[in-house]
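Report on the structure given below.
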Amino acid sequence: MNRLIFVVVTTLLALSQMAYAQQCIADRYSELPLFDSSQIVIQHDLSYGSANHFLTGVEVDLQYNIYYPDPEIDTLSLRPLVVLTHGGSFMAGNKDDMNYQCMELARRGFVAVSVGYRLGWGCGGADFLQICLFCGGLSGDLRRAVYCAVQDHRAAMRHLLDNATVYKIDPQWIFTGGESAGSITTMLSQYWTQADADAFIPNFSSTAGGLDSSGNSSTSTYEVRGMLNTCGAVNSTAVVQDNPLPTIHFHDEADCVVPFGCAPVMHCLCTSFFSVCGSSVIHSTLNNLGVCSELHIVPGSINHCSYPVNSRIQKSACFMKRLMCGICTSLSNTDVYAATQCSPLTSTETGYAGCTYADAINYDPQATFDDGSCTFNTVLPCPADFNTDHVVNVADLLLFLGMMGCTW
Numbered sequence: 000m001n002r003l004i005f006v007v008v009t010t011l012l013a014l015s016q017m018a019y020a021q022q023c024i025a026d027r028y029s030e031l032p033l034f035d036s037s038q039i040v041i042q043h044d045l046s047y048g049s050a051n052h053f054l055t056g057v058e059v060d061l062q063y064n065i066y067y068p069d070p071e072i073d074t075l076s077l078r079p080l081v082v083l084t085h086g087g088s089f090m091a092g093n094k095d096d097m098n099y100q101c102m103e104l105a106r107r108g109f110v111a112v113s114v115g116y117r118l119g120w121g122c123g124g125a126d127f128l129q130i131c132l133f134c135g136g137l138s139g140d141l142r143r144a145v146y147c148a149v150q151d152h153r154a155a156m157r158h159l160l161d162n163a164t165v166y167k168i169d170p171q172w173i174f175t176g177g178e179s180a181g182s183i184t185t186m187l188s189q190y191w192t193q194a195d196a197d198a199f200i201p202n203f204s205s206t207a208g209g210l211d212s213s214g215n216s217s218t219s220t221y222e223v224r225g226m227l228n229t230c231g232a233v234n235s236t237a238v239v240q241d242n243p244l245p246t247i248h249f250h251d252e253a254d255c256v257v258p259f260g261c262a263p264v265m266h267c268l269c270t271s272f273f274s275v276c277g278s279s280v281i282h283s284t285l286n287n288l289g290v291c292s293e294l295h296i297v298p299g300s301i302n303h304c305s306y307p308v309n310s311r312i313q314k315s316a317c318f319m320k321r322l323m324c325g326i327c328t329s330l331s332n333t334d335v336y337a338a339t340q341c342s343p344l345t346s347t348e349t350g351y352a353g354c355t356y357a358d359a360i361n362y363d364p365q366a367t368f369d370d371g372s373c374t375f376n377t378v379l380p381c382p383a384d385f386n387t388d389h390v391v392n393v394a395d396l397l398l399f400l401g402m403m404g405c406t407w
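So that you can map any letter, position 178 of the sequence shown is 177 in numbering that gives the first Met the number 0, and since no number is skipped, the others follow by simple counting.
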């Protein structure tokens, strides 16, 4: 059963039409790849700085992987940047975890980066149950690990802007995203002020340094235009208020690790760690602030980050393209395989608005971008409802008998 609930209001972003025109390009940044994987330049283990680990004091070499279309094949002068951050409870995982997503986004025309960051907070748990059983007393160190991850993310962003010319990055169009801990890092990196960070872990900045005084000495500034949130959260919706950003979210409805609503992390197993507010609450907050937000839900699922990756890539690419074309529609979707289309979109001036979801009642194959008008048949057909009036009564019986050649 298809279950999409569209928010009625469509938000047009207050950005210049010139900025739109630069990256609002037909067949690029869409649900469909534009380049073959053999046409993508791949560079791994590029250093963006170093920082000491807060527990061990050991200096950590900070690195990222980068993917982008071969400049000898792709002649576009500037490309939008997408920076992704892996998950792993701030103690596991690595930047290679996001390589597939980076490749697929690069194939669609983006410069895509997977960031590595300092990991570890003294917990040796091999799974979430062990983390709850043996590491509940380390909540403060988990907070410190979050702070350091945000420092590293911001250092990577500065370094990428230092090298924007090298990688042909368009500084007008920068997006960030991640999974789980990586998504928490990404959103806090954009939303936290130093005061917010100090409130989260008091007195730590006096030894670890400020949010922007670690990793490297770059002073480059940047503006993020939108975020890709996969099963992430923020420590408080208050941090969203001052600089709300258009966001696309993917989340399991009953996620036990990072809550869909507001609860402690790993709340199904323990309440030892800090509380966060997940995708559903962030989505509502953004909508209340008049900022567009897409919420894609795995209904009823207690799993963590189970939204199909290829569906995420397609929806995320189209979300970013619509932003670059000057339109963003708020919606809430519980059909994980609902298709989307944005490849023909070239601008809001020449584009044709309509319903782009193929399984909607009013699907319009000519529409170049979605306007939030889709409606879906949310009632499963009943085999006994022969006259399709959504009521089973004697009229259906008479019709059935007539179909069978019987009369009263």
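Where is the CB? At the ideal position from N, CA and C, for every residue including glycine. These numbers were taken from a predicted model, which means no experiment stands behind them.
(request) Flag this pair as touching only if the stretch 291-309 and the stretch 246-264 have three or more C-beta atom pairs under 8 Å; answer yes or no. (result) yes
(message) Can you confirm whether the stretch 141-156 touches the stretch 208-215 when touching is taken to mean that 3 or more C-beta pairs between the two stretches lie within less than 8 Å?
(response) yes
(message) By the DSSP assignment, the beta strand (DSSP E) with Met226 in it spans what residues?
(response) 225-229
(request) Go ahead and label Gly325 buried or exposed: buried means 16 or more other beta carbons lie within 10 angstroms of its beta carbon, across all protein chains shown. (result) buried
(request) Output the boundary residues of the alpha helix (DSSP H) element that contains Asp195. (result) 193-199
(request) Starting from Glu103, trace the alpha helix (DSSP H) both ways and give me its first and last residue. (result) 98-106
(request) Determine the burial state of Gln129: buried for a count of at least 16 other Cβ atoms within 10 Å of its Cβ, exposed for fewer. (result) exposed
(request) Could you tell me whether the Cβ atoms of Asn93 and Tyr66 are closer together than 9 Å? (result) no
(message) Let's see if you can read the secondary structure: which residues bound the beta strand (DSSP E) around Cys134?
(response) No beta strand (DSSP E) contains Cys134, which DSSP labels as neither H nor E.
(request) Can you check the stretch 74-99 for any beta strand (DSSP E) of at least 3 residues that lies completely inside it and give the ranges in chain order? (result) 78-84
(request) Enumerate in chain order the residues of its own chain whose CB-to-CB distance from Glu30 is below 7 Å, with the five nearest sequence positions on each side excluded. (result) Gln313, Ala316, Cys317, Thr339, Gln340, Cys341, Ser342
(request) Grab the span of the alpha helix (DSSP H) containing Thr164 for me, first residue to last. (result) 163-166
(request) Flag this pair as yes or no: are the beta carbons of Gly208 and Thr84 separated by less than 9 Å? (result) no
(message) Assuming Ala111 and Val145 are in contact, meaning their beta carbons sit under 8 Å apart, how far apart are those beta carbons, in whole angstroms?
(response) Wrong, their Cβ atoms sit about 24 Å apart, outside the cutoff.
(request) Would you kindly check if the distance between the Cβ of Tyr306 and the Cβ of Cys230 is under 9 Å? (result) yes
(message) I'd like to know whether the C-beta atoms of Leu137 and Cys147 end up nearer to each other than 9 Å.
(response) no
(message) Please report the distance separating the alpha-carbon of Arg311 from that of Asp140.
(response) 32 Å
(request) For Ala20, I'd like the list of residues in its chain whose CB is within less than 6 Å of its CB, leaving aside the five on either flank, ordered along the chain. (result) Unreliable placement is indicated for Ala20, whose pLDDT of 48 sits below 50; the coordinate value is still reported in the next sentence. Closer than 6 Å at the Cβ level, and outside the excluded window around Ala20, lies no residue.
(request) Go through its chain and collect everything with a Cβ distance to Pro70's Cβ below 8 Å, but skip five positions before and after it. (result) Val40, Lys167
(message) Here's the rule: buried if 16 or more other CB atoms are within 10 angstroms of the residue's CB, otherwise exposed. What is Gln100?
(response) buried
(request) Please work out which residues of its chain come closer than 8 Å, Cβ to Cβ, to Phe272, disregarding the five sequence neighbours upstream and downstream, and give them in chain order. (result) Gly135, Ser138, Leu141, Pro263, Val264, Met265
(message) If you measure between the beta carbons of Ser204 and Arg157, is that distance less than 9 Å?
(response) no
(request) With distances taken Cα to Cα, identify the nearest neighbour of Phe53 among Leu288, Thr206, Ile281. (result) Thr206
(request) State the DSSP-derived secondary structure class of Thr185, mapped to helix, strand or coil. (result) helix
(message) Using C-beta distances below 8 Å, list every residue in its chain close to Asp197, excluding the 5 sequence neighbours before and after it, in chain order.
(response) Phe203, Ser204
(message) Can you find the residues in the same chain that come closer than 8 Å, C-beta to C-beta, to Gly260, ignoring five residues on each side of it along the sequence?
(response) Cys276, Gly277, Ser279, Val280
(request) Use the C-beta contact count for Phe133: other C-beta atoms within 10 angstroms, 16 or more gives buried, fewer gives exposed. (result) exposed
(message) Checking the sheet assignment: what are the DSSP bridge partners for His250?
(response) Ile296
(request) Give the straight-line distance between the Cα atoms of Ser372 and Asp26, rounded to the nearest whole angstrom. (result) 23 Å
(message) In the DSSP output, which residue or residues are listed as bridge partners for Leu61?
(response) Gly48
(request) Please go through the same chain and pick out, in chain order, the residues whose beta-carbon is closer than 7 Å to the beta-carbon of Met90, but skip the five residues on each side of it. (result) Leu118, Gly119, Trp120, Cys122
(request) Could you tell me which residues DSSP pairs with Gln42 in its beta bridges? (result) Ile65
(request) Pick out whichever of Thr55, Pro79, Val149 has its Cα sitting closest to the Cα of Thr192. (result) Val149
(request) For Cys324, name the three-state secondary structure that DSSP assigns. (result) coil
(request) Check Ile312 in the structure and name its three-state DSSP category. (result) helix
(request) Pick out whichever of Arg143, Ser113, Asn332 has its Cα sitting closest to the Cα of Phe174. (result) Ser113
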